[in-house]
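So the protein sequences, as listed, match chains A and B. Going by our numbering, the residue at position 27 of the first sequence is 224; the numbering climbs one at a time, nothing skipped. Going by our numbering, the residue at position 363 of the second sequence is 396; the numbering climbs one at a time, nothing skipped. The beta-carbon is built from N, C-alpha and C at its ideal position, and this holds for glycine as well. Structure, as structure tokens:
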Amino acid sequence: MTLGIVLLPVIGAVVAMLAGHRRERIAPLAGVVTTAASLGAALVIGFGHWGDAAASALGPYEISTGGTPILVGLRVDQLSASMLVLATAVALLVQVYSVSYLRGDPRYPTYTALVCLFTAAMSLVVVSDDLFVLLVGWEVMGVCSYFLISHHWELEPAREGAVKAFVMTRLGDIGFLFGIFVIGEAAGTYQISGVITAAEAGSITSGEATISTLLLLCGVVGKSAQFPLHSWLPDAMPGPTPISALIHAATMVAAGVYLVARLLPVYVLSDVAMAVLSGIAVITMLGSALMALAADDLKRVLAWSTVSQLAYMFAALSLAGYGAAILHLLSHGAFKALLFLAAGSVIHAVGTQRLGQMGGLRAALPITFTTMTIGFAALAGVPPLVGFFSKDAVLGVAYEQAMHGEYAVRGWLVLVAGLLGAALTAAYSTRAWLLVFLGPRRGSTAEPSDGADNGRIVAAEPHESPWLMLGPLVLLAIPCLVGSWAVLRPGFLGIEADPLHLPVALISLGLALGAIAATVFAWWQLGAADPAVRLGKFRQVLAGEFHYDALVERVILRPSRFSALAVAANESSIVEPYVQGADTATQWSARLLRWLHDGNLQRYVTTVVLGAVALAVVIGLAQ
Amino acid sequence: MISASSFGGLEFLVAGPAVGAALLPLLRDSRRVTQAAIGLASAVLAVSIWMWVDVVSADGAYVWQSNASWIAALDVHWRLGVDDLSAPLVVLTALLTWCCLVALLKRAPDCGGTSALVGLILVIEAGSIGTFVALDLVLFFVLFEVVLIPMWFVIAAWGDPHDEPGRRRAASRFLVVTVTGSALMLVAFLLLRSELGTFDLAALTERARVIESDRQILIAVLLMVGFGAKIPMWPLHFWLPDAHSKAPTVGSVLLAGVLLKLGTYGLLRFWYDVVPVGALEVAPYLGALGVVGIVYGALACLAQPDLKRLIAYSSVGHMGFVALAISTMTPQGLAAANFANVAHGVITALLFFVVGAVKDRVGDSGFGVIGRGLYARSPHLAAVLAVAAVASLGLPGLAGFWGEMLTMLAAYSPHPDLPQTTYLVFMVLAGLGVVLTTVYFVVAVRKVCQGVPASDAVTDVEADEWVAWLPLVALTVLLGLAPMVMLWSADVVAALPVTP
């Protein structure tokens with residue numbers, strides 16, 4: 198069953214690739230059917246493992262390496278079962294949505310196949326019980342996202358974004374690989390359950406734990422787009438919008454959170470790693486929320502919001518708040534998938550991603566408006582939506598630590614940052630919501646898209662999307678509305694329910710409502726213009742994203758290019774003349790050798806023997 | 034199981050192609066020659082796979098051994114045998130030869146002489162397989178040299194049709210450098226003979242402990258430089274980009290897939306089995322040169338305006354990984370080197386096939402000439418190129434990953450007598466090389482496959498090309514998903530003592 202979840206989408210991918218180009222119907226069908234079957238299997242596994250059920254395992258099968266062997270095996274517990282259901286459910290909705298969103302796209306079969314592979318890779322990450330097999334899924338996901346982001350490869354931003362995403366995540370993955378080495382050699386096994394047993398039994402020293410977890414963190418930071426490897430995620434936005442939903446909600450970026458949660462028993466052994474994680478989370482949480490406040494691209498706002506929300510999960514993990522992080526991961530998966538798919542519906546209608554050219558779409562897109570409002574409200578933390586409760590769980594962990602935990606200092610840090618972040622989140626959500634749906638309509642529709650992913654010219658009047666696209670929105674709105682029930686009863690994850698932290702909940706609610714009110718007020722006062730104007734000069738800094746890319750360009754890219762040119766110059770102007778000069782001399786020896794090597798075995802062997810005798814004599818004399 | 038050695042399985046693997054090379058060109062029609070050669074190569078491939086199965090069940094010992102006196106006065110024998118180290122390379126050679134012959138069937142070179150080219154390819158096959166299975170130093174040396182001459186002809190006569198002096202120069206450079214390397218190797222062999230009084234590899238392995246350490250170091254250095262010229266180890270790599278960019282497609286495929294492996298195989302065989310004590314002293318230098326090759330090759334690729342040269346330089350980097358693996362002197366390093374050898378052979382051969390196809394279609398392999406948007410102009414060709422590039426950059430789940438991962442893992446815990454910190458630095462630098470490799474391949478894919486398509490269409494992959502390429506694509510995926518196919522013997526090797 199577990200293996201089936203991984204293999205079914207692979208079958209879908211193969212069918213779509215082989216037959217998809219011949220018959221138009223096959224690719225969508227293959228994608229939807231296999232992903233649906235995968236979701237079915239995931240649900241069966243979920244109901245079998247949620248609650249107090251014990252983990253089940255398959256394998257291990259041993260691969261010898263000449264050293265510590267690799268033990269290939271699968272293992273499912275409450276956490277992996279929940280991740281499986283989330284990933285396959287979002288993948289299925291994305292597949293269904295794409296049938297309409299990418300209708301008539303000649304690259305559809307490749308697209309579906311990649312989405313299927315992506316789903317399979319994510320499933321492999323969450324069910325694998327071996328670090329190397331996990332890495333296989335981890336990086337296959339990376340390469341699928343590379344191909345999917347560059348779906349519109351004739352557009353410059355798509356190419357640029359794909360390269361950036363792949364290279365940045367792979368840079369982190371090298372650290373990740375080394376982290377696996379360190380942890381595997383320290384624990385004497387690469388099996389995840391074995392590593393955790395070793396950590397709990399105290400056979401991993403805190404030094405080993407620090408080095409390995411920090412190295413693993415490189416890969417996590419890359420995959421989950423946290424500072425300092427955060428800048429690829431917003432630039433990955435030229436990819437088709439359903440892909441953004443898949444990457445941001447349930448798969449790639451969530452994999453980083455999953456990994457830290459899974460290896461939390463090792464992380465808690467190292468105060469240094471936990472402190473670094475807190476620091477990264479706080480910087481990323483606030484920095485990216487600020488950037489979301491000034492971005493002029495709807496998908497970019499959502500991308501920065503993903504980065505910021507993931508930082509909440511890492512903040513919880515850095516305070517050993519396992520349950521809070523996972524609950525926020527699941528709840529974020531639901532509302533972020535909803536927001537991205539709804540954004541796709543908006544972009545589909547107006548043919549642009551720029552907030553400056555939207556506005557007043559409430560009447561034209563009633564269902565998109567309703568569902569996206571639910572999504573934004575969940576993101577902003579408006580009760581009783583799911584986001585409010587899961588964010589409260591995170592802040593509650595910080596509150597508990599700040600008041601009477603062992604990480605008091607970091608508890609305060611995360612608590613203050615988290616509350617500030619809650620206000621910023623409410624502000625940018627409100628701003629985006631106002632600019633898309635309310636006020637007058639700005640900009641004309643018929644303009645060809647400026648980097649918008651679908652690259653199609655749409656009808657002059659915005660219109661509601663077809664039901665194949667709206668259906669997933671409605672389905673995703675349901676967990677946003679009623680998911681709070683599950684967040685308050687997390688027994689299915691095998692963890693204890695945590696009552697609402699009233700002081701924190703009230704403060705964060707007050708901040709969120711205040712931020713919403715302030716944003717609406719600014720918007721109203723400015724005559725329905727962008728409330729970001731109120732940021733003054735700071736707006737430019739934020740829109741320029743702190744000039745981080747320029748810094749990377751100057752510190753890393755330029756020196757690398759220079760070294761490459763130096764090597765090329767060395768090859769052509771230093772090595773080459775030296776070889777050329779030697780040519781004249783070698784021509785003669787070459788002629789001699791050619792004579793020796795003309796294939797006459799007799800003469801050849803004679804020469805060899807003569808040489809042997811001569812050398813034997815020389816060596817004999819030398820002794 | 035029936036013993037194939039009873040009817041001379043190994044003799045067939047070596048002599049079959051050699052006899053074929055001598056007789057087949059007698060057929061008048063060049064197409065017939067190629068067809069017959071494909072038949073022969075298929076038989077060789079089948080026997081080599083059978084042989085591998087036998088090796089797998091033999092748990093690390095030499096199997097299919099045969100022995101016949103050759104030059105009695107010097108105690109030189111036709112001693113052949115195969116073990117888990119040589120078996121995969123024999124199969125790789127047989128497979129790549131088969132692919133090359135299939136590729137020639139419908140795409141004879143414009144300059145003619147297909148029969149001769151087919152003959153030379155068979156000679157290369159015979160010589161390479163012979164080198165891999167030779168258990169006598171003189172025989173090893175002779176067969177090692179036998180491979181060079183046909184390759185010189187292949188490059189010089191069937192190379193780049195637009196640049197005759199260039200291809201001759203490239204061929205000669207290749208020959209001079211590798212022959213110089215062979216000379217050093219020969220000196221090492223003679224030193225061994227003078228120390229132990231035999232050319233028999235198995236006997237040398239048993240008696241090697243009596244060689245004093247100074248002499249072992251000298252032999253290890255000679256072997257390192259000698260085989261290093263062939264691998265090619267930085268800074269002896271300068272012949273490689275030229276040889277590859279001027280060679281015809283089949284030449285490049287065999288050069289990268291088979292000939293470079295002769296160097297790494299030789300180093301692996303003699304360092305581990307014959308002079309381990311000396312090798313331990315020299316190993317850090319080999320590791321350092323390997324790592325420099327990894328980073329240098331990657332940087333050279335970054336600034337490369339020509340796709341074929343880029344892949345040639347990428348070989349410098351990949352073979353640097355093999356050199357680093359060998360230099361760790363551990364069973365894990367040996368497994369890594371063996372895996373990386375085969376993976377590089379499969380993936381780079383595929384890359385050269387694809388780039389050769391592009392070059393044949395548009396006339397040159399410079400990025401400017403190929404033009405952009407290959408995804409649109411010939412989707413299948415571009416897709417195979419992208420998959421091969423992704424495999425070459427070491428994506429987990431494809432063949433390139435395991436060899437390089439195990440190499441870095443072996444560098445993380447090298448032989449206890451080696452400087453651990455130095456190897457830690459090597460590991461980190463190799464990791465940097467992996468990132469740079471990713472960069473240059475995605476940049477290359479971006480320049481060639483993506484972008485607004487150039488106006489001229491390019492013929493897509495044709496049926497005969499699929500036949501030649503698909504085995505390589507399948508192996509790339511198989512080795513990536515089921516690395517145990519190659520790693521089954523890693524623990525068998527672990528049982529063999531590396532230190533005396």
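Element boundaries [beta strand (DSSP E), containing G270/A]: I267 to V273 is the span of the beta strand (DSSP E), which, as asked, contains G270/A.
For R405/B and G484/B, the rounded distance between their alpha carbons: Looking at the two C-alpha atoms, the distance is approximately 5 angstroms.
Same chain, Cβ closer than 6 angstroms to S411/B, neighbours up to 5 away in sequence not counted: Hits under 6 angstroms: V491 and D493.
Per-residue DSSP class, three states only, for L113/B: Note: L113/B maps to strand in three-state DSSP.
Among G556/A, L200/A and A702/A, nearest to L255/A - alpha-carbon criterion: Checked all of G556/A, L200/A and A702/A; the closest Cα to L255/A is L200/A.
S398/B (DSSP reduced to helix, strand or coil): The three-state reading of DSSP puts S398/B in coil, since its state is none of H, G, I, E or B.
Buried or exposed (CB count within 10 angstroms, at least 16 for buried), I654/A: With a pLDDT of only 44 at I654/A, under 50, the local geometry of the prediction cannot be trusted, and no value is derived from it.
Contact belief for L175/A with V543/A at Cβ below 8 angstroms, rounded distance in angstroms: With chain A represented from 198 up to 820, any question about residue 175/A goes unanswered, as that position is not in the structure.
Check: L125/B C-beta below 7 angstroms from any heavy atom of the ligand NAP: In terms of ligand content, the structure shown is empty, and the ligand NAP therefore cannot be addressed.
Beta-carbon proximity list for L313/B, same chain, < 8 angstroms, skipping 5 on both sides: Cβ neighbours of L313/B beyond the five flanking positions: M362, H448, D450, L451 and T532.
Other residues of its chain near L411/A: CB distance less than 6 angstroms, five sequence neighbours each side excluded: Within its own chain, the residues whose Cβ lies closer than 6 angstroms to the Cβ of L411/A, once the five positions on either side in sequence are excluded, are A470, listed in chain order.
Residue-level contact to chain A via CB, M517/B, 8 angstroms cutoff: Judged by the 8 angstroms Cβ criterion, M517/B is in contact with chain A.
Neighbourhood of Y691/A by C-beta distance below 6 angstroms, restricted to the same chain and skipping five residues each side: First, the amino acid is wrong: residue 691/A is Gly here, not Tyr. So the list reads Q275, once near-sequence residues are dropped.
Alpha-carbon to alpha-carbon, W521/B and A373/B: Answer to the nearest angstrom: the Cα atoms are 15 angstroms apart.
Outcome for K533/A when other beta-carbon atoms lying within 10 angstroms are tallied against a minimum of 16: Buried is the call here.
C-beta neighbour in chain B for F378/A, strict 8 angstroms: Interface with chain B (8 angstroms Cβ-Cβ cutoff): F378/A is included.
The segment 562-576 of chain A contacting the segment 672-692 of chain A, beta-carbon criterion three pairs below 8 angstroms: Yes, they touch.
Three-state secondary structure assigned by DSSP to Q337/B: Note: Q337/B maps to coil in three-state DSSP.
Within chain A, partners of S398/B - CB distance below 7 angstroms: Contact annotation for S398/B against chain A: no contact, minimum CB-CB distance about 16 angstroms [criterion: below 7 angstroms].
Under the three-state DSSP convention, the category G399/A falls into: In the three-state reduction of the DSSP assignment, G399/A falls in the coil class, being assigned neither a helical nor a strand state.
Nearest neighbour of G350/B, chosen from F400/B, G311/B, L269/B and P142/B [CA to CA]: Proximity to G350/B across F400/B, G311/B, L269/B and P142/B peaks at L269/B, based on C-alpha coordinates.
Residues that V337/A contacts on chain B, provided the C-beta gap is smaller than 8 angstroms: Residues of chain B whose Cβ lies closer than 8 angstroms to the Cβ of V337/A are, in chain order, L428, P429 and G430.
Residue-chain proximity (G263/A, chain B), Cβ-Cβ < 8 angstroms: Yes - at least one Cβ of chain B is within 8 angstroms of the one on G263/A.
is_contact[S347/A, chain B] using C-beta, thresh 8 angstroms: With 8 angstroms as the cut-off, S347/A counts as an interface residue toward chain B.
Short-range partners of chain A found in the segment 360-372 of chain B, where Cβ spacing is below 9 angstroms: Answer in chain order: T363, P364, Q365, G366, L367, A368 and A369.
Beta-carbon proximity list for A666/A, same chain, < 8 angstroms, skipping 5 on both sides: First, the amino acid is wrong: residue 666/A is Met here, not Ala. Its chain contains Y294, S297, Y298, L538, G541, S542 and H545 as the residues whose beta carbon lies nearer than 8 angstroms to that of M666/A, once the 5 sequence neighbours on both sides are disregarded; these appear in chain order.
Pick from L536/A, D432/A, L374/A and V465/A that is closest to L443/A, judged by C-alpha positions: Of the residues L536/A, D432/A, L374/A and V465/A, the one whose Cα lies closest to the Cα of L443/A is L536/A.
Nearest candidate by alpha-carbon position, reference L256/B, set F385/B, M460/B and Y298/B: Taking L256/B as reference, the option from F385/B, M460/B and Y298/B with the minimal CA-CA separation is Y298/B.
Close-in-space but distant-in-sequence residues of the same chain around A531/A (CB under 7 angstroms, 5 per side omitted): Within the same chain, A531/A has close Cβ partners V583, L673, P676, C677 and G680.
A766/A, buried or exposed, once every other Cβ within 10 Å from all chains shown has been counted against 16: Label assigned to A766/A: exposed.
Of the residues Y346/B, K294/B, L229/B and V379/B, the one placed nearest P274/B, counting alpha carbons only: Taking the Cα of P274/B as reference, the smallest distance to any Cα among Y346/B, K294/B, L229/B and V379/B is reached at Y346/B.
Within 9 angstroms of chain B by C-beta, residues of the segment 758-769 of chain A in sequence order: Hits within the stretch, in order: R758, S760, A761, L762, A763, V764, A765, A766, N767 and E768.
The segment 425-437 of chain B touching the segment 328-341 of chain A, judged by at least three CB pairs closer than 8 angstroms: Cβ pair count under 8 angstroms is three or more, so yes.
Chain-ordered residues of the segment 343-358 of chain B with a beta carbon less than 9 angstroms from chain A: Result list: Y346.
For E158/B, the first and last residue of its enclosing alpha helix (DSSP H): Counting along the chain, E158/B sits inside the alpha helix (DSSP H) bounded by residues T147 to V166.
Bridge partners - R551/A, DSSP secondary structure assignment: Its beta-bridge partners are D494/A.
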